[in-house]
């Protein structure tokens with residue numbers, strides 16, 4: 001009788017522990033589903049890209065200049081290649097974060113079009129946001145499995161989880177892991193991941209001159225990115241972001257940035273013909289930022305990219321590569 005009673009108590013205890021662990025995991029997953037806007041936007045875009053049943057995809061990668069800068073449908077219809085705008089605001093806080101996210105989903109045959117305002121030395125780094133984004137995506141190299149489990153226990157397995165109930169967690173879990181519905185935070189994007197429309201009621205002031213970033217650091221980071229993409233069978237293509245500058249400053253921008261531009265042209269596939277194609281003095285092509293394009297600008301930029309890719313794919317149908325590496 002004593003043994004039976006003990007086994008009964010043990011069964012109840014194990015049952016309680018199992019329910020407690022399951023509830024803790026559900027709360028953790030539910031929190032992860034909504035706590036990081038950048039990750040949820042990227043996750044939704046990745047769902048769209050993963051649906052492409054094709055040996056080749058075009059992935060547009062970068063920050064808000066990419067979100068506002070393309071019409072992916074134009075590329076897809078022109079080239080007959082599934083296209084997704086994978087960009088997230090501020091590149092997730094750091095260009096490194098954006099590149100890591102794109103690497104995590106790149107596959108054989110992909111064309112990764114990368115455009116970063118870091119070329120113009122305008123990128124501010126938010127290390128904390130980038131680290132949290134990579135942590136949410138399971139890509140933070142500094143966070144091993146043991147630490148993740150410890151954080152999970154200390155943060156979520158509470159007797160009274162904050163502002164959560166098991167019932168409220170279940171719908172979000174279903175959306176994420178069963179029906180795979182996009183996050184509600186995706187409402188301002190179209191199905192391809194582009195921003196639906198940039199407001200034209202206000203046009204920005206032109207960007208004041210900033211000196212170029214160090215050439216070696218810029219090229220080394222891109223070489224590493226290119227090599228890692230090639231290891232996955234993907235190809236890197238650089239598209240210099242458009243920038244609104246004052247006409248009186250244009251010659252200075254052109255002169256000071258020419259060296260970096262030429263080094264990129266020598267070492268990578270670069271769509272941009274010349275810097276004066278992307279240093280723009282017509283403010284009507286921009287909306288709420290000096291690198292956010294209105295629909296007309298995004299359409300023109302997309303048409304230029306489509307023309308470049310069509311010509312290059314015709315010449316190199318299997319892969320876009322630069323085999324010669326020039327010294328810096």
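Numbering (this note's numbering), first residue to last: 1 to 328.
Ideal Cβ positions, reconstructed from N, Cα and C, are used throughout, including at glycine.
Alpha-carbon spacing of residue i relative to residue j, whole angstroms
i           : j           : result
residue 337 : residue 284 : Absent from the structure is residue 337, since the part of the chain shown begins at 1 and ends at 328.
residue 98  : residue 10  : 49 Å
residue 215 : residue 260 : 6 Å
residue 305 : residue 221 : 23 Å
residue 286 : residue 194 : 16 Å
residue 251 : residue 123 : 22 Å
residue 6   : residue 19  : 20 Å
residue 129 : residue 40  : 14 Å
residue 131 : residue 86  : 18 Å
residue 13  : residue 140 : 36 Å
residue 238 : residue 268 : 7 Å
residue 223 : residue 262 : 15 Å
residue 204 : residue 277 : 19 Å
residue 316 : residue 119 : 27 Å
residue 81  : residue 56  : 7 Å
residue 266 : residue 248 : 29 Å
residue 201 : residue 185 : 23 Å
Residue i burial status per 10 Å Cβ neighbour count (16 or more: buried)
i           : result
residue 46  : buried
residue 43  : buried
residue 137 : buried
residue 38  : buried
residue 227 : exposed
residue 116 : buried
residue 48  : buried
residue 63  : buried
residue 15  : exposed
residue 297 : buried
Check whether residue i and residue j have beta carbons under 8 Å apart
i           : j           : result
residue 89  : residue 292 : no
residue 111 : residue 235 : yes
residue 246 : residue 281 : yes
residue 244 : residue 206 : yes
residue 61  : residue 102 : yes
residue 330 : residue 295 : In the structure as shown, the chain begins at 1 and stops at 328. Residue 330 is therefore absent and cannot be evaluated.
residue 92  : residue 125 : no
residue 310 : residue 232 : no
residue 254 : residue 275 : yes
8 Å Cβ shell around residue i - same chain, five flanking residues per side excluded
i           : result
residue 299 : 71, 74
residue 79  : 58, 306, 309, 310, 313
residue 4   : none
Cutoff 8 Å: residue i Cβ touching any chain C Cβ
i           : result
residue 237 : Absent from the structure: chain C. Only one protein chain is present.
Residues near residue i in its chain [Cβ-Cβ closer than 6 Å; skip 5 each side]
i          : result
residue 83 : 58, 72, 75, 76
residue 67 : 87, 195
Residues of its chain near residue i, where Cβ-Cβ distance is below 7 Å and the 5 sequence neighbours each way are ignored
i           : result
residue 256 : 211, 212
residue 301 : 69, 70, 242, 293
residue 308 : 271
residue 100 : 134, 139
Of the listed residues the options, nearest to residue i (C-alpha basis)
i           : options            : result
residue 191 : 14, 51, 39, 13     : 51
residue 113 : 126, 185, 272      : 272
residue 36  : 81, 67, 108, 133   : 133
residue 279 : 208, 187, 87, 224  : 208
residue 53  : 116, 258, 219, 109 : 109
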